[in-house]
Amino acid sequence: MKTDQSEVKSALKVRNRRVHMANERTFLAWMRTSISIMAFGFVVEKFGLFIRQFSYFVMQSGSGRSAEPVPPGVQTAGYSSVLGVVLVAFGALMGVLSFIRYKKVEKQIDADTYQPSRILDIMLTLSVLIIGIFLVLYLVYRT
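Under this note's numbering, think of the first position of the sequence shown as 121, with each following residue one higher.
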C-alpha cells in the first residue's frame, strides 16, 4: 500500500515537472516576443532619424548652398520616433508581465488550480494591430 502511494507521488512529480517545463517554455517565448517588439521599436526610431538626416542632406546638396547645421529644437521628432519609443516601452512592459504570469502559473500548477490569463494575448494582438495600422497609414500618406 505504501509503495502505491509513493508511485502515485512520483508520477505526479514527473507530470508536474513536465508542466513546469512547458510553463517555462511559454515564458521564454513571451520574452522572445517582447525582445522582438523592443528591437522593432528601436529600428523604427533609428530609421526615422536616418530618413530625416538623409532628407536634410539631399535638400542642402541640391540647393547649391553650403549646409548649415540645423538647431536641434527646429526639427520635430516625427511619428516614427514616437512609435519607436512606444514600442520599446511596450516590449519592456510585456517582458515584466510575462514574468508575473510565469510566477502566477507556477503557483497555480503546484496548487492544481490553473486558470488561463488573456492579458498578454490581448497586448500582443493589439501591438500587431497598431503596428499594422501605423505602417499602412505611413505608406499611404508618405507616397
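C-beta: ideal position from N, C-alpha, C; glycine also.
I'd like to check one pair, residue j with residue i: are the Cβ atoms closer than 8 Å?
i: Arg221; j: Leu246; result: no
i: Tyr234; j: Val225; result: yes
i: Gly215; j: Met141; result: no
i: Leu203; j: Phe254; result: yes
i: Val208; j: Met158; result: yes
In whole angstroms, what separates the C-alpha of residue i from that of residue j?
i: Val213; j: Tyr261; result: Before going further, note that residue 213 is Leu rather than Val in the sequence given. One C-alpha to the other measures close to 30 Å.
i: Asn143; j: Gln180; result: 56 Å
i: Phe153; j: Tyr199; result: According to the sequence shown, residue 153 is Thr rather than Phe. Computed Cα separation, rounded: 23 Å.
i: Asp124; j: Ile229; result: 23 Å
i: Ser237; j: Phe219; result: 13 Å
i: Val139; j: Lys223; result: 13 Å
Given that a residue counts as buried once 16 or more other Cβ atoms are within 10 Å of its Cβ, and exposed if not, what is residue i?
i: Leu148; result: exposed
i: Ile242; result: exposed
i: Gly161; result: buried
i: Glu165; result: buried
i: Leu257; result: exposed
In this structure, how does DSSP classify residue i when only helix, strand and coil are distinguished?
i: Gln180; result: helix
i: Asp124; result: helix
i: Thr245; result: helix
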